[in-house]
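If you want the working numbering, it's the 1-based position in the sequence shown plus 6.
Report on the structure given below.
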Amino acid sequence: MLIYVEISLLTEVVMKRSQKFPFLQILLVVSLVFGLFVVSSSASYADDRYAFPMYYNNTPLAQNGFFLRGNVYVPISVLQSYGDTDKITFNTSKMQASFNLAELNMQMADTATTEFVQKWGGTVYVPLKKVDNVVVISLNAVEQLCKLSGAYDASRSRILLFPYAGGSASAAVTSREVTLTPSLGAYSTAPVTLPEGETLYITGETPSYYKAQTASGITGYVQKSAIKIMEIDLSDLDFYAPKKTKDIDSGVPINLAWEYASASTPVAPAVKHPGLDVLAPTWLDLFVEQGGAVQNETDAGYVDLAHANGYKVWTTITNNFSATGSTNFTSKCLADEAMMNKAIAQYLFYTCFYDCDGINIDFEQMKDAITKDFTNFVASLRNYTERQGLVLSVDTMLPRPWNVEYDFTNLAKHVDYLIIMSYDEHYSSSTSAGSVSSLPWVEEAVQDTLAMVPNEKLIMGIPFYTRVWVTDNNNRNLSNSSASMAKVQELIKTNNLTPTWSASGKQYFVSWPAANGRTNKIWIEDSRSIANRLALVQKYDLAGSACWQLAFADDTVWPVFEAMLKNGAPLSQFDTEKY
């Protein structure tokens with residue numbers, strides 16, 4: 007992708023990515039002897055819907071574009087005028103831009119994967135949005151497909167459009183810790199580290215180096231031995247998804263946080279939280295009674311920002327378990343080879359189309375009899391995630407007699423990680439109030455799961471939420487609401503409360519009078535309760551932790567994850583009185 011700059015002008019340009027590769031976000035572009043180079047750090051995007059004038063090849067356009075949560079949005083009429091939309095059908099009543107995968111000139115990691123996706127995927131779509139009564143589409147998502155690139159120029163408050171230039175002389179980085187050096191001279195600025203798999207466009211060469219440009223506009227020199235020339239013209243393809251390199255370090259536990267996303271995705275974290283590795287938004291849901299088609303709510307700008315700030319993104323796929331009819335249709339879909347293949351092809355395509363790094367399977371509320379079919383679904387999906395270099399994980403309930411739909415032993419054979427959702431010990435409709443995740447309850451779940459799942463694959467669920475219960479004198483649940491860590495601390499301060507530590511549950515507890523003789527109760531989740539759970543990860547040498555959900559956390563928890571998960575700090579460092 008090209009980058010708009012002016013020589014000798016210091017300008018801040020936030021670039022959109024090409025969806026095929028893990029590109030760097032451009033934050034600061036400076037003019038140097040050998041061209042324009044980048045000084046990069048954490049990226050952040052405003053959450054405001056700003057309308058900006060648009061320019062195509064420096065010619066002003068009559069319509070405005072929008073920069074929203076890292077996405078460059080353009081009116082579909084502009085895309086139709088300046089891009090290639092022959093293969094796209096725009097449906098403004100459904101708010102979808104759809105296209106048939108069988109009609110695309112596409113290339114995935116290998117021929118088998120490409121053929122599978124094109125044979126079974128059928129019609130997919132990119133969501134349209136209405137911003138200020140204008141129907142728009144994210145260029146972040148459709149840049150290569152529609153052969154139109156764009157950038158938000160913050161220095162001049164404008165959106166720049168230009169023809170997509172994939173480049174015919176391209177190469178892939180084949181080694182770790184490869185650097186792109188701005189200049190071969192003695193006074194070169196600091197080199198830029200390129201991730202393995204990064205795509206470069208070759209613009210020149212010396213006996214030992216290629217002069218190259220990344221797809222996000224960074225230019226410089228790279229050793230010839232560190233890259234492999236690709237015999238492919240990206241500008242001729244509608245979609246390209248090369249194999250990724252799994253970034254799994256078995257020696258260091260990982261930490262994942264889910265993000266609840268539906269029609270609107272939260273803004274991606276603007277900074278890298280210590281001890282947090284993976285973001286897993288709930289983006290892809292199985293449509294009920296639509297033949298295996300998948301509902302797509304993926305946000306390309308979220309992926310861009312997450313990658314720029316050092317996160318991996320695993321898209322969470324679900325069977326739409328909260329929708330009416332989901333339980334029956336999930337059984338029907340997974341028992342039918344054609345419908346299951348369609349779902350797998352679409353889950354896989356969307357994950358690659360938006361440049362995600364893995365898939366997290368969250369199928370719930372299934373029938374007991376689905377055990378074999380669900381395991382087969384996971385194994386079939388695994389065949390293609392492996393080919394694409396995607397991390398695959400599956401979420402399960404706890405191993406209990408009533409959760410027989412999960413064959414823990416065999417599921418573990420087909421995934422990189424199995425995540426037990428070790429929370430909701432007491433849930434919204436429980437008859438009595440209590441902790442959402444007391445430590446003895448969690449430890450029992452871990453022990454039971456380890457009887458079937460290798461410790462190096464097991465990830466333990468951790469809640470960032472709790473419940474504010476209203477009870478009668480017999481602790482019966484009269485009502486309750488979920489609450490974030492920040493909300494609980496606000497309630498403690500507002501009501502001048504002093505929580506007490508539960509030595510058995512390993513968390514604080516607080517109660518205070520409610521109206522009509524009732525009592526408010528909270529079993530508190532905070533940095534100390536988190537530390538006690540992470541001690542279980544250490545004790546059983548687990549693969550890591552997974553937290554529901556990011557929006558409920560406060561900043562006090564991240565140093566705990568960093569110290570205990572990443573650096574092996576003891577529990578005693580955090581197991582001290584707070585109140």
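Cβ atoms here follow ideal geometry from the backbone N, Cα and C, with glycine treated the same way.
Buried or exposed: which applies to residue i, given that a residue is buried once 16 or more other Cβ atoms fall within 10 Å of its Cβ?
{"i": "Asp53", "result": "Per-residue confidence for Asp53 stands at a pLDDT of 44, beneath the threshold of 50, marking its modelled position as unreliable; the derived number appears in the next sentence. That one is exposed."}
{"i": "Glu211", "result": "exposed"}
{"i": "Gly281", "result": "buried"}
{"i": "Val39", "result": "Bear in mind that a pLDDT of 23 at Val39, under 50, signals an unreliable position, so the number given afterwards is only what the model happens to contain. So Val39 counts as exposed."}
{"i": "Ala509", "result": "exposed"}
{"i": "Tyr412", "result": "buried"}
{"i": "Pro213", "result": "exposed"}
{"i": "Val494", "result": "buried"}
{"i": "Ala344", "result": "exposed"}
{"i": "Tyr227", "result": "buried"}
{"i": "Pro576", "result": "exposed"}
{"i": "Asp138", "result": "exposed"}
{"i": "Leu186", "result": "buried"}
What residues are listed by DSSP as bridge partners for residue i?
{"i": "Ile94", "result": "BP columns for Ile94 are empty, so no partner."}
{"i": "Asn479", "result": "Answer is none; Asn479 lacks a bridge partner."}
{"i": "Cys553", "result": "Ala263, Ile468"}
{"i": "Asn77", "result": "Leu74"}
{"i": "Asn526", "result": "Val476, Trp518"}
{"i": "Gly316", "result": "Looking at the DSSP assignment, Gly316 forms no beta bridge with any residue, so it has no partner."}
{"i": "Val132", "result": "Ala103"}
{"i": "Ser214", "result": "Per DSSP, none; premise fails for Ser214."}
{"i": "Lys234", "result": "Ala178"}
{"i": "Gly203", "result": "Partner(s): none; Gly203 has no beta bridge."}
{"i": "Thr185", "result": "Thr199"}
When you compare only the Cα positions, how much space is there between residue i and residue j?
{"i": "Arg482", "j": "Gly440", "result": "10 Å"}
{"i": "Lys230", "j": "Lys217", "result": "9 Å"}
{"i": "Thr504", "j": "Ser434", "result": "25 Å"}
{"i": "Met7", "j": "Val179", "result": "Low confidence applies here, because Met7 scores a pLDDT of 26, under 50, leaving its location unreliable and the question unanswered by this model."}
{"i": "Pro28", "j": "Glu204", "result": "For Pro28, the predicted structure reports a pLDDT of 28, less than 50, and the residue's modelled location is therefore unreliable. The matter cannot be settled from this model."}
{"i": "Lys318", "j": "Glu265", "result": "13 Å"}
{"i": "Glu295", "j": "Tyr246", "result": "30 Å"}
{"i": "Gln301", "j": "Leu290", "result": "6 Å"}
{"i": "Gly71", "j": "Met60", "result": "6 Å"}
{"i": "Val258", "j": "Pro460", "result": "16 Å"}
{"i": "Ile94", "j": "Ala108", "result": "13 Å"}
{"i": "Val309", "j": "Gly316", "result": "11 Å"}
{"i": "Thr391", "j": "Lys249", "result": "9 Å"}
{"i": "Lys419", "j": "Trp126", "result": "25 Å"}
{"i": "Gly467", "j": "Asp401", "result": "9 Å"}
{"i": "Asp342", "j": "Thr333", "result": "15 Å"}
{"i": "Thr225", "j": "Asp239", "result": "19 Å"}
{"i": "Ala489", "j": "Val474", "result": "7 Å"}
{"i": "Ala263", "j": "Ala68", "result": "42 Å"}
{"i": "Thr117", "j": "Gln219", "result": "28 Å"}
{"i": "Glu568", "j": "His279", "result": "9 Å"}
{"i": "Ser551", "j": "Thr477", "result": "32 Å"}
{"i": "Val45", "j": "Leu200", "result": "Per-residue confidence for Val45 stands at a pLDDT of 23, beneath the threshold of 50, marking its modelled position as unreliable; the derived number appears in the next sentence. One C-alpha to the other measures close to 14 Å."}
{"i": "Ala521", "j": "Leu497", "result": "16 Å"}
{"i": "Thr530", "j": "Phe470", "result": "Reading off the sequence shown, one finds Ile at residue 530, where the question assumed Thr. The straight-line gap from Cα to Cα measures roughly 10 Å."}
Between residue i and residue j, which are expected to be in contact by the criterion C-beta below 8 Å, what is the C-beta distance as a whole number of angstroms?
{"i": "Gln352", "j": "Val130", "result": "6 Å"}
{"i": "Asn347", "j": "Ser399", "result": "Not confirmed; about 21 Å, so no contact."}
{"i": "Lys135", "j": "Val142", "result": "5 Å"}
{"i": "Gln150", "j": "Leu243", "result": "7 Å"}
{"i": "Phe369", "j": "Phe380", "result": "7 Å"}
{"i": "Glu431", "j": "Val442", "result": "6 Å"}
{"i": "Trp518", "j": "Asn501", "result": "5 Å"}
{"i": "Gly523", "j": "Leu445", "result": "Actually they do not touch by this definition, with Cβ atoms about 31 Å apart."}
Smallest Cα separation from residue i: which of the options?
{"i": "Trp320", "options": "Asp363, Gly331, His313, Ser144", "result": "Asp363"}
{"i": "Val563", "options": "Asp547, Gly128, Leu540, Gln544", "result": "Leu540"}
{"i": "Gly574", "options": "Thr304, Phe515, Pro59, Leu548", "result": "Leu548"}
{"i": "Leu424", "options": "Ser332, Gln296, Thr455, Thr437", "result": "Thr455"}
{"i": "Val284", "options": "Phe168, Val397, Asn526, Ala177", "result": "Val397"}
{"i": "Trp408", "options": "Met372, Leu387, Asp422", "result": "Met372"}
{"i": "Val543", "options": "Gln453, Pro519, Ala557, Ala177", "result": "Gln453"}
{"i": "Ala269", "options": "Val132, Val148, Leu186", "result": "Val132"}
{"i": "Tyr79", "options": "Val148, Val566, Thr119", "result": "Val148"}
{"i": "Thr506", "options": "Lys545, Thr500, Lys527", "result": "Lys527"}
{"i": "Ser533", "options": "Leu292, Lys545, Gly523, Cys553", "result": "Cys553"}
{"i": "Ala557", "options": "Ala492, Leu497, Phe96, Val140", "result": "Ala492"}
{"i": "Arg388", "options": "Ile350, Glu450, Leu166", "result": "Ile350"}
{"i": "Lys584", "options": "Gly297, Leu206, Phe515", "result": "Phe515"}
{"i": "Asp361", "options": "Thr304, Val140, Ser386, Thr98", "result": "Thr304"}
May I ask whether a heavy atom of the ligand HEM can be found less than 8 Å away from the beta carbon of residue i?
{"i": "Gln296", "result": "Although the ligand HEM was asked about, the structure shown includes no ligands whatsoever."}
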